Each structure stands twice: as C-alpha cells, then as structure tokens.
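Step one of this worksheet: look at the structure below.
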Amino acid sequence: MHASSSLHATTCLKRCNYFNTHPPKCAWFSNARCRPKLRSSTEPQQDKPSDAPSTSQSSFAGEDKQLQISKEVIERLKFTVFGFDTFWVTSVENYKADGVVFKGNVRGKDPQISYQKLSARLKTELGDDYRLFMLDDAEGKPTVVVLPKDSANEGTISRLTEVWLAVLFAVLSVVTTANANGIPLFQFLVEPTLTEISAQDFADAAVPALAFWFILGAHEWGHQWAAKRSGVELFLPFIVPSGFGFLGAFGGITRIRGFAPCRSALLDVAATGPLVGTAAAGSIALLGFILSSAGLTDVTIDSPSFSDSFIMAVAAQAFLGEKLLQPEVQINSLLVAGWAGLVVNALNCIPAGELDGGRISLSIWGRRTYNTLGTATTIVLAATSLASSLSFYWLGLLLFLQRGPVLPCSEELSEPKDEGAVTVGIALLLLPLMVLAPFPTEILNALEEISQASF
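full-length UniProt numbering puts the first residue of the sequence shown at 1, with every later residue one more than the last.
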C-alpha cells in the first residue's frame with residue numbers, strides 16, 4: 001500500500017502505463033511458412049506439431065519493417081529462442097521506444113514451462129542484455145515483449161532514497177496516530193507554546209496506538225514473508241499517514257522491486273499481507289469486545305457508530321447487547337484499535353490500482369478483468385465520496401498514489417493453481433463489503449415494523 005513522483009519512478013514500465021494500455025495492433029499475415037529452428041547440441045529434438053506450417057520459408061509478418069531491436073538480434077531470437085515447443089511467432093512489431101512485441105501462440109500446455117525455456121535460451125544466446133515478458137494483449141491474445149535490460153530496469157530509486165522516504169512516511173504516521181489517540185502532537189509541533197501535552201495523555205494512548213501499529217506491522221510482515229518464499233523482492237513499505245478520525249494511518253504502500261515471476265507469486269504476496277493483518281486486527285477487536293462486555297472500559301463512543309460497519313454492528317449486538325440501547329456506550333480502547341485495523345486492511349483489499357485488492361484480482365482473473373473491476377470500483381468510490389468523507393480520502397489516495405496499473409509479471413498467462421490461495425484471495429476481496437459497508441438499520445427496522453403489523 002504507496003511523495004507521488006518518487007514512488008512512480010520505480011520503473012519505466014509503470015510510466016508507460018504497462019503493455020496493455022496501448023497494445024500494438026495485430027499484424028496477422030497469410031501464407032506464413034515454418035522457419036527452421038537451430039538447436040544446441042545438448043537440447044533434445046522436438047517433434048513438429050501437426051498444425052505447424054511448412055519449413056520452406058523462415059519469415060513472419062513485420063520482420064521487414066524497421067524494428068527497434070537490431071535485425072541480428074531478431075534473427076537470433078527467431079532461430080534459437082522461439083520454437084515449436086515454446087512460442088510460435090506469426091508477427092513482430094515495435095513496442096514503445098526501444099522494445100519489440102512478438103505475436104503468436106504458446107506451444108505446450110503450461111505457459112510457465114514455455115516461459116522458462118524461452119528465458120533460458122535468451123540468456124544463453126544474448127546473456128543479460130534483454131528481458132522478455134509473456135503476456136496477454138488487450139484482445140486476450142498471447143504476446144512476448146522483448147525489452148533491453150536497461151529499459152526494463154530504468155527508474156529504480158536508490159537505496160538511500162528508499163530509506164529516507166520510508167522513515168519520513170513512518171514519522172508522519174506516528175504523528176497522525178498520536179493525534180488519532182488523543183495526543184495533540186501535530187498541534188504541539190505547530191504551536192508548542194499554546195499546546196499542552198501531559199504524561200497522562202501518552203499513558204492513555206499507549207495501548208491503542210501500539211496495538212494499531214502491531215496490526216500495521218503484521219500486515220507488512222505478511223507481505224515480506226510471502227515475498228521471500230515466492231522469490232519476490234520488495235521495497236521498504238511507506239506507511240501513509242491518515243489523520244482521519246480514529247485511523248492513525250492508511251497502511252503501507254508496498255512496491256515490488258522488479259517483477260513478480262508469475263500470477264501465483266503475485267497472489268501470494270498480495271494476499272498474505274491483508275490476511276495476516278486482518279487476523280491480527282480481528283483478534284484485537286475480539287479481545288476489545290470481551291473486555292468491554294466484562295466492564296473493563298476506558299473509552300466512550302456513540303452507540304449508533306457501530307452501524308457504520310456491518311461486521312462490527314453484528315459483533316456489537318452479540319457482545320454488548322442492551323448496552324447499545326443507550327445513546328453512548330463505554331468500550332475498551334483495544335476495540336477501537338482493532339476496528340481501525342480492520343478498516344485499514346479492508347481499504348487495502350479494494351480491487352483497484354496497486355492496492356492489494358487490485359493485485360489479487362489481477363492474479364486470479366487476469367489483466368482484462370482487473371482493468372474492468374478497477375474502473376468500476378473507482379466509479380463507485382467517486383459516487384460514494386459525495387456522502388462519505390472516508391471514500392473521498394481513499395479515492396484521492398488511490399488516484400494520486402495507487403492508481404497503477406500493476407506492474408506486469410514476467411509470465412502472466414498461467415492462472416494460479418492453488419485453489420486454496422484463490423479462495424483466500426476472493427474472501428479478502430469481500431472484506432471491504434463486510435467492514436466498510438454500513439449495517440442496514442433502516443431496512444431492518446422497516447422489516448420489523450412490517451412483521452409486527454402482520455400479527
């Protein structure tokens with residue numbers, strides 16, 4: 001979760017708005033013939049597929065154009081990288097400023113295996129000078145994009161910049177967390193002679209503030225843990241300050257350094273953060289409810305506030321019961337911290353931009369669905385922002401810091417194979433509806449009146 005100009009400089013591919021935003025038009029051609037394929041002495045011979053064209057011609061559409069990669073490199077790619085067992089090329093076109101995109105079809109049942117073969121042959125033939133991506137274009141057809149290595153890695157921020165940005169964001173978030181928990185730290189920094197802060201203020205805020213930051217830490221640790229086991233490298237998280245109501249921060253912007261290898265790895269990294277964070281927030285909220293029902297309270301809130309969240313309203317009714325009939329109810333501050341943590345994790349599971357929810361939707365359903373779902377979500381946020389200040393703030397954060405698109409995976413054609421991970425991802429996408437959607441008290445009251453009238 002991710003000021004703005006520094007973050008968007010992490011890669012040139014983001015500035016290009018990724019491959020699918022302006023895909024090259026197909027240049028399919030007729031009467032194509034098979035081109036011979038050179039094999040190394042150690043590579044086993046592959047049987048030619050029955051649907052392959054004949055081998056009397058070794059060209060494809062667009063090859064005679066002025067391409068941005070030299071003809072020598074195109075020839076080497078054609079004869080030693082692409083083949084019957086990996087990717088059958090039918091056309092080639094320029095891509096952006098210095099790359100080329102190959103159209104065709106994937107050979108074999110598993111695109112990951114084809115990609116691994118292509119990458120190994122590319123490295124053997126051309127070293128580390130070029131990088132390739134196996135992706136769907138805007139029409140859902142497979143392509144292979146080849147870029148010079150320097151172009152693919154352009155824009156990566158330095159380690160020093162990464163560290164000072166992370167520290168700056170963290171310090172600002174500490175200030176907003178203090179304010180959210182009753183310590184006027186921001187006002188003190190602005191007008192120190194006019195603002196009083198007592199030791200009691202820090203004592204009262206310590207437990208809920210530390211609990212909230214524990215939830216933030218659990219979320220970010222989940223990302224790092226999943227990234228390590230999936231072979232993905234992450235930048236340091238940038239904790240975004242909030243200063244909105246009881247939210248001390250909006251959570252962290254966690255950028256991927258480079259590219260995720262595949263959609264399965266992206267799903268693991270994107271989902272594990274909010275999964276661990278939600279578990280931590282839910283546990284703290286549950287403890288807060290238990291303490292509140294036992295009379296161990298230190299905070300007073302308006303009883304109708306619980307109706308702002310469907311899941312919190314249901315839990316409050318179960319634990320607090322008749323206490324909610326009063327205009328105000330006393331609760332434990334851990335309940336507030338857990339509730340805030342649930343809100344932060346739910347916001348990050350909204351399926352749009354580079355939020356965790358956006359990455360999850362791309363991982364499960366692919367980029368075309370991700371784009372459609374992200375557009376619809378942004379429209380809903382814009383509509384609800386007219387009545388909800390939280391939606392307004394989050395819409396601004398999404399548009400200015402997290403609008404995306406998500407960087408491409410190296411191989412983006414294969415779907416996640418772990419059904420359990422997919423189920424968890426879908427459940428997390430439903431979390432915003434459970435936490436952020438209000439409890440329909442008016443509807444329930446109306447139904448209750450109708451039910452009573454019928455008797």
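Just so it is clear, CB atoms sit at the ideal spot from N, CA and C, and this is done for glycine as well.
Being a predicted model, the structure only gives us computed values, none of them experimental.
Item: CB-CB length for F186 against N179, believed under 8 Å; Value: 5 Å
Item: Cα-Cα separation, T86 to T378; Value: 38 Å
Item: P274 versus T195 - alpha carbon distance; Value: 37 Å
Item: Cβ-based neighbour list, E412, same chain, cut-off 8 Å, excluding 5 preceding and 5 following; Value: F133, M134, L135, D136, C262, R263, G366 and R367
Item: 8 Å contact criterion, which G282 and N332 should meet: CB distance rounded; Value: With 8 Å as the limit, G282 and N332 do not qualify as a contact, their Cβ atoms being about 15 Å apart.
Item: Residue 467, buried or exposed, once every other Cβ within 10 Å from all chains shown has been counted against 16; Value: Absent from the model: residue 467. The displayed extent of the chain is 1 to 455, so no value can be given.
Item: Cβ neighbour criterion (16 or more within 10 Å) applied to L430; Value: exposed
Item: Closest Cα partner of G217 within the set A199, R229, G231 and F250; Value: F250
Item: Beta-carbon proximity of A280 to A421, cut-off 8 Å; Value: no
Item: Distance between L67 and E93 (C-alpha atoms, nearest Å); Value: 7 Å
Item: Terminal residues of the beta strand (DSSP E) in which D204 lies; Value: Unbroken run through D204 is the alpha helix (DSSP H), A199 to S230; no beta strand (DSSP E).
Item: Contacts around I183, its chain only, beta-carbon distance under 7 Å, and the 5 residues preceding and following it disregarded; Value: I197, D201, F202 and A205
Item: Nonlocal neighbours in the same chain, by C-beta distance under 7 Å from L247, ignoring five residues either side; Value: A180, A340, V343 and V344
Item: Short Cβ contact (8 Å threshold) for L324 with F306; Value: yes
Item: Limits of the alpha helix (DSSP H) - the one that I360 falls within; Value: D356 to W365
Item: Same chain only: Cβ atoms within 6 Å of P351, ignoring 5 sequence neighbours per side; Value: G357, G358, S361, L373, T377 and L429
Item: Contact test: T441 Cβ vs the ligand FMN heavy atom, cutoff 7 Å; Value: Of the ligands one can find in the structure shown there are none, so the ligand FMN has no counterpart to examine.
Item: Beta bridge counterpart(s) of P261 as assigned by DSSP; Value: According to DSSP, which records beta bridges pairwise, P261 is partnered with nothing at all.
Item: Residue range of the alpha helix (DSSP H) that includes residue 456; Value: No answer is possible for residue 456: it lies beyond the span of the chain, which begins at 1 and ends at 455.
Item: Three-state class that DSSP yields for L386 in the structure shown; Value: coil
Item: Whether S363 touches L266 by CB criterion (8 Å); Value: yes
Item: CB contact check: T177 to chain B, cutoff 8 Å; Value: Structure shown: chain B not included; a single protein chain is present.
Item: Contacts around D268, its chain only, beta-carbon distance under 7 Å, and the 5 residues preceding and following it disregarded; Value: A226, S230 and A421
Item: Helix, strand or coil at I301 according to DSSP, with G and I counted as helix; Value: strand
Item: For E72, the first and last residue of its enclosing alpha helix (DSSP H); Value: K71 to R76
Item: Segment limits, beta strand (DSSP E) that includes A249; Value: L247 to I253
Item: V406, DSSP secondary structure in three states; Value: coil
Item: Between the CA atoms of L118 and H90 - distance to the nearest angstrom; Value: Residue 90 is actually Thr in this sequence, not His. The alpha-carbon atoms of T90 and L118 are separated by roughly 16 Å.
Item: Distance between V314 and P438 (C-alpha atoms, nearest Å); Value: 11 Å
Item: Neighbour-count burial assignment, F319, 16 or more Cβ in a 10 Å radius; Value: buried
Item: Buried versus exposed, by CB contacts within 10 Å (16 or more), T278; Value: buried
Item: Residue environment, S151, which counts as buried when at least 16 other CB atoms sit within 10 Å; Value: buried
Item: Reference E139; option with closest CA among A346, Q112 and G104; Value: G104
Item: Rounded C-alpha distance that separates A209 from A199; Value: 15 Å
Item: Rounded Cβ spacing between I239 and S173 (contact assumed at less than 8 Å); Value: 4 Å
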